[in-house]
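Working notes, structure below.
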Amino acid sequence: MSTAIAFLTRRRGGKGWHWTDIVTWVWLIGGLLVMFGPAVWLTFSSFKTPAGLAEFPPSILPYVTQQVQVEGYEKPLPLFNAKLADGSTRVLAEVRRIGIVSQMVDPKAPGEIIRVNIGDREPVREISFATENYTQPFMQFDFFRYLWNSVFVTVTATLITLIVNSMAAFALSKYEFKGRNAAMLVILATLMVPLSVILVPLYSIISSVGLFNSLWGVILPTVATPTGVFILRQYMLTIPDELIDAARMDKASEWQIYWRIIVPLTAPALAVLAIFSVVWRWNDFLWPLIVLSRRELYTLQVGLSIYSGELNVQWHYILAMTVVTMIPVVLVFIFLQRFITTGIAGSGLK
Amino acid sequence: MGLADRPLRYLQKKTGIGGMAAFFLAPNMLIFGIFVLLPLVINLAYSVTGGSALFLDERTFVGADQYRQIFNCTNYLDPMSCQEDAFWTAVGNTFWFVVLQVSLMILVSLITALILNRELIGRSFWRAVFFFPVLLSPVVVGLIWRWILQRQGLLNSMLYPFGVEPYTWLTDRTFAFGAVVGVSIWAHMGFYTLILLAGLQAIPKDLYEAAEMDGTRPARIFWRITLPLLMPNLLVVIVLALIKAVQVFDEVFVLTGGGPGTSTLFLTQYIYETGFVSLPRNAGLAAAASILMGLVLVVLTLLQLGVGRKNENKGKRR
Numbered sequence: 001m002s003t004a005i006a007f008l009t010r011r012r013g014g015k016g017w018h019w020t021d022i023v024t025w026v027w028l029i030g031g032l033l034v035m036f037g038p039a040v041w042l043t044f045s046s047f048k049t050p051a052g053l054a055e056f057p058p059s060i061l062p063y064v065t066q067q068v069q070v071e072g073y074e075k076p077l078p079l080f081n082a083k084l085a086d087g088s089t090r091v092l093a094e095v096r097r098i099g100i101v102s103q104m105v106d107p108k109a110p111g112e113i114i115r116v117n118i119g120d121r122e123p124v125r126e127i128s129f130a131t132e133n134y135t136q137p138f139m140q141f142d143f144f145r146y147l148w149n150s151v152f153v154t155v156t157a158t159l160i161t162l163i164v165n166s167m168a169a170f171a172l173s174k175y176e177f178k179g180r181n182a183a184m185l186v187i188l189a190t191l192m193v194p195l196s197v198i199l200v201p202l203y204s205i206i207s208s209v210g211l212f213n214s215l216w217g218v219i220l221p222t223v224a225t226p227t228g229v230f231i232l233r234q235y236m237l238t239i240p241d242e243l244i245d246a247a248r249m250d251k252a253s254e255w256q257i258y259w260r261i262i263v264p265l266t267a268p269a270l271a272v273l274a275i276f277s278v279v280w281r282w283n284d285f286l287w288p289l290i291v292l293s294r295r296e297l298y299t300l301q302v303g304l305s306i307y308s309g310e311l312n313v314q315w316h317y318i319l320a321m322t323v324v325t326m327i328p329v330v331l332v333f334i335f336l337q338r339f340i341t342t343g344i345a346g347s348g349l350k
Numbered sequence: 001m002g003l004a005d006r007p008l009r010y011l012q013k014k015t016g017i018g019g020m021a022a023f024f025l026a027p028n029m030l031i032f033g034i035f036v037l038l039p040l041v042i043n044l045a046y047s048v049t050g051g052s053a054l055f056l057d058e059r060t061f062v063g064a065d066q067y068r069q070i071f072n073c074t075n076y077l078d079p080m081s082c083q084e085d086a087f088w089t090a091v092g093n094t095f096w097f098v099v100l101q102v103s104l105m106i107l108v109s110l111i112t113a114l115i116l117n118r119e120l121i122g123r124s125f126w127r128a129v130f131f132f133p134v135l136l137s138p139v140v141v142g143l144i145w146r147w148i149l150q151r152q153g154l155l156n157s158m159l160y161p162f163g164v165e166p167y168t169w170l171t172d173r174t175f176a177f178g179a180v181v182g183v184s185i186w187a188h189m190g191f192y193t194l195i196l197l198a199g200l201q202a203i204p205k206d207l208y209e210a211a212e213m214d215g216t217r218p219a220r221i222f223w224r225i226t227l228p229l230l231m232p233n234l235l236v237v238i239v240l241a242l243i244k245a246v247q248v249f250d251e252v253f254v255l256t257g258g259g260p261g262t263s264t265l266f267l268t269q270y271i272y273e274t275g276f277v278s279l280p281r282n283a284g285l286a287a288a289a290s291i292l293m294g295l296v297l298v299v300l301t302l303l304q305l306g307v308g309r310k311n312e313n314k315g316k317r318r
């Protein structure tokens with residue numbers, strides 16, 4: 001605590017607040033609000049009822065009007081703080097509303113009906129989380145299917161990416177063969193080919209091999225990523241060749257050398273690539289949007305964008321689904337951000 | 001994978017170690033060839049054919065017609081005077097987007113990196129704060145901001161106390177374009193901040209100490225030490241950001257869908273809509289447009305490789 005205070009009051013040069021200290025803190029606190037605020041507000045909003053969402057100006061936390069069960073009435077009634085004609089304020093339950101007059105009763109003495117002008121009453125509100133926003137889409141829509149499709153694409157694509165790229169990196173770092181440099185050059189050259197440039201021909205290739213409207217059509221074009229080969233190769237170059245020679249003396253096959261020696265030793269680089277692959281594949285949008293046209297094959301990203309584009313946008317469901325879509329990324333962020341941020345700064349990877 | 005040992009040992013006996021190298025390389029090269037190299041070649045073929053058929057053998061050869069259609073303009077600065085007015089609108093929008101987004105984002109990233117480079121408690125926390133949106137998916141980014149900019153949204157409610165009536169911001173052409181630029185900066189600046197921060201931390205501390213001993217003013221230190229030594233990183237970051245900005249699509253598609261009107265229609269969306277959405281789909285025109293876009297990207301990438309190489313040499317000399 002004392003270090004925190006010492007830190008907070010520490011200033012440039014030690015004499016008074018320098019303007020740069022003020023700028024720094026304004027920038028940092030502002031950044032905190034601007035960067036986290038939108039996601040936090042979205043998350044709170046996702047727990048609001050449709051009525052709560054329609055409110056203006058909106059509240060930050062999800063509120064609902066408190067309800068009470070009153071004797072003699074079937075349904076629970078909403079509670080209000082009502083200002084009465086004599087100037088006193090009482091907590092009353094609304095039975096019904098006719099024009100600008102609200103008929104209210106005292107929950108403790110429900111016999112007598114009290115008429116109150118609607119301008120003179122304020123709802124009694126409590127914080128309440130509308131969890132049905134989360135449970136309903138699971139049953140009503142294909143949400144669970146989208147989730148499953150996304151998980152399938154992410155996990156499968158990442159596994160294939162790791163295997164295929166590490167094999168290629170092994171070949172390119174530990175073998176001398178004709179055309180090695182050519183292969184490396186081709187891989188590096190395609191670093192500059194973004195998906196958006198080859199959309200049309202890629203689509204026709206996927207269709208002609210029968211992968212249109214198939215999750216494999218989403219997975220396959222993305223797995224041989226040049227970035228992956230590049231990082232893994234750079235890492236494997238640091239593994240001493242003597243290890244491989246020793247294994248060959250012991251009659252290990254080349255596959256065993258790859259699988260038992262190289263892969264375990266490359267684990268740190270594989271881990272970085274795995275994290276990135278998961279984030280990339282989970283967030284993919286344009287390509288799945290093109291390849292998948294059947295609803296039951298949509299990934300979360302495609303499903304979300306299609307739902308939110310429809311005319312009768314059901315925001316309470318959309319928001320909840322958005323939050324669910326964010327969860328894996330937020331988990332990655334919480335547990336691995338240090339790892340990722342140093343990884344990016346080191347390799348300029350994205 | 002232990003199961004693979006026996007058959008692979010057999011393969012090795014047959015082909016030798018050189019054969020195994022090919023075996024390790026094959027899966028990657030195969031996927032690569034089919035899904036990246038082949039499309040690159042076919043793209044050229046598509047751009048010189050016409051018609052609405054999908055497969056190349058059913059398409060008719062039209063030569064340079066697609067390109068002629070694109071470049072059939074009386075005044076290139078006025079999209080409406082062109083036959084392909086949507087393409088030129090998208091080009092203009094993309095140009096202004098790239099200029100605004102990259103310059104503003106690099107400025108914001110640089111300021112943030114400079115601030116994060118100060119002696120701060122919990123520096124890794126603050127670094128993470130600015131990095132968080134980078135991980136979010138474009139669809140989530142688009143939805144978050146659509147939610148904030150809608151009528152009952154946070155922006156309106158923050159302006160309401162100042163007497164501003166609620167407004168549907170994203171239906172305003174100028175504002176929608178600004179929002180797309182701003183949201184894209186919000187989503188990506190953390191990445192560039194990190195790279196710049198790494199560059200700042202590589203600047204030797206003793207340079208600063210020496211400058212402070214001499215009583216050099218902070219502004220002078222920035223212009224004479226920090227900026228020149230950061231320049232290599234800054235250049236790389238600028239080119240990377242340019243390449244990324246030219247391809248902008250995902251978050252804009254969700255945020256505005258290219259609208260209102262065509263005010264946020266960008267090149268990638270034009271290619272997507274020409275090739276896949278509009279009927280009859282025009283794969284030839286989309287391919288031609290994507291090749292033109294690819295040319296711009298190749299130039300930018302070569303620029304980046306040049307910048308990167310120059311930096312490497314500089315590093316060696318130092």
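Those sequence lines, one after another, are chains A and B. Taking this note's numbering, I'd label the letters of the first sequence as residues 1 to 350. Taking this note's numbering, I'd label the letters of the second sequence as residues 1 to 318. All C-beta atoms in this analysis are idealised placements derived from N, C-alpha and C, irrespective of residue type, glycine included. Values in this document were obtained by computation on a predicted structure and should not be read as measured data.
In three-state terms, what does DSSP make of B:Glu212? In this structure, B:Glu212 counts as helix in the three-state DSSP scheme.
Leaving out five residues on either side along the sequence, give the residues of the same chain with a beta carbon under 8 angstroms from the beta carbon of B:Leu300. Val239, Leu242, Ile243, Val246
Classify B:Pro39 as helix, strand or coil using the three-state DSSP reduction. helix
With H, G and I counted as helix, E and B as strand and the rest as coil, what does DSSP make of B:Glu165? coil
Which residue's Cα is closest to the Cα of B:Arg68: B:Arg309, B:Tyr160, B:Leu297, B:Leu292? B:Leu292
The alpha helix (DSSP H) with B:Met231 in it runs from where to where? 227-246
Mind listing the chain B neighbours of A:Leu42? Cutoff is C-beta to C-beta under 7 angstroms, in chain order. Near A:Leu42 (Cβ distances below 7 angstroms), the residues of chain B are Ile144, Trp147.
Quick check: the Cα distance between A:Val124 and A:Thr65, rounded to an integer number of angstroms? Their Cα atoms are separated by approximately 6 angstroms.
Count the other CB atoms, across all protein chains shown, that sit within 10 Å of the CB of B:Tyr327; report buried if there are 16 or more and exposed otherwise. No statement about residue 327 of chain B is possible, as the shown extent of chain B runs from 1 to 318 and does not include it.
What are the uninterrupted segments assigned as alpha helix (DSSP H) that are 4 or more residues long and contained completely in the region 118-150 of chain B, given in chain order? 123-135, 138-149
Identified DSSP bridge partners for A:Val116: A:Ser102
Near A:Gln256, which residues of its chain fall below 8 angstroms by C-beta distance, leaving aside the five closest residues on each side in sequence? Ala247
Just how far apart, CA to CA, sit A:Arg233 and B:Arg281? 42 angstroms
Roughly how many angstroms separate the alpha carbons of B:Gly153 and B:Tyr270, rounded to a whole number? Between the alpha carbons of B:Gly153 and B:Tyr270 lies a gap of roughly 29 angstroms.
Is B:Gly83 close to chain A? Criterion is C-beta to C-beta, closer than 8 angstroms. What sits at residue 83 of chain B in the sequence shown is Gln, not Gly. It does not: the Cβ of B:Gln83 has no partner Cβ on chain A nearer than 8 angstroms.
Curious, which full-length alpha helix (DSSP H) runs of at least 4 residues does the region 222-276 of chain A contain? 226-236, 241-249
Environment of B:Phe162 [buried if 16+ CB atoms lie within 10 Å]: exposed
Buried versus exposed, by CB contacts within 10 Å (16 or more), A:Glu254: For A:Glu254, the number of other beta carbons within 10 angstroms of its own is at least 16, and it is reported as buried.
Sequence-distant residues of the same chain with beta carbon closer than 6 angstroms to A:Pro288, five excluded per side: Val218, Thr299, Val302
Please list the terminal residues of the continuous alpha helix (DSSP H) segment that includes A:Val153. 143-174
Rounded to the nearest angstrom, what separates A:Val153 and A:Arg281 at their Cα positions? 7 angstroms
State the Cα-Cα distance for the pair A:Asp250 and B:Lys13, rounded to the nearest angstrom. 16 angstroms
Can you confirm whether B:Val213, when its beta carbon is compared against all beta carbons of chain A, has any partner nearer than 8 angstroms? Going by the sequence as given, residue 213 of chain B is Met instead of Val. No, no contact with chain A.
B:Gly257 versus chain A: which residues are under 9 angstroms apart at the beta carbon? Per Cβ cutoff of 9 angstroms: Gly309.
If you drop the 5 nearest sequence neighbours on each side, which residues of the same chain put their C-beta closer than 6 angstroms to that of A:Ala320? Non-local C-beta neighbours of A:Ala320 in its own chain, meaning closer than 6 angstroms and more than five positions away in sequence, comprise Ser46, Asn133, Tyr134, ordered along the chain.
In whole angstroms, give me the CA-to-CA distance for A:Phe90 and A:Leu79. The amino acid occupying residue 90 of chain A in the given sequence is Arg; Phe does not appear at that position. Approximately 10 angstroms between the Cα atoms of the pair.
Hey, how far is the Cα of A:Thr9 from the Cα of B:Asn156? Here the model assigns A:Thr9 a pLDDT of 49, short of 50, so the residue's position is not dependable and the matter cannot be decided.
Return the Cβ separation of B:Leu255 and B:Val183 in integer angstroms, given the expectation that the two are a contact with Cβ distance under 8 angstroms. Between B:Leu255 and B:Val183, the beta carbon gap of about 6 angstroms places them in contact (Cβ cut-off 8 angstroms).
Does the CB of A:Lys350 have a neighbour CB from chain B at under 8 angstroms? Low confidence applies here, because A:Lys350 scores a pLDDT of 48, under 50, leaving its location unreliable; read the following figure in that light. Yes, A:Lys350 lies at the interface with chain B (some Cβ there is under 8 angstroms from its Cβ).
Interface residues of chain B around A:Arg338 at Cβ under 7 angstroms? Ser124
Got a sec? Which residues, its chain only, sit under 7 angstroms from A:Arg180 by beta carbon, not counting five neighbours each side? Leu172
At what residues does the beta strand (DSSP E) containing A:Ala82 begin and finish? Going by DSSP, A:Ala82 is part of the beta strand (DSSP E) stretching over 77-83.
Can you tell me the Cα-Cα spacing of B:Leu194 and B:Leu170, whole angstroms? 31 angstroms
Under 6 angstroms Cβ to Cβ from B:Arg318, same chain only, skipping five residues before and after it: list those, please. Legend: pLDDT at B:Arg318 = 41, less than 50; position of this residue unreliable, no value from coordinates given.
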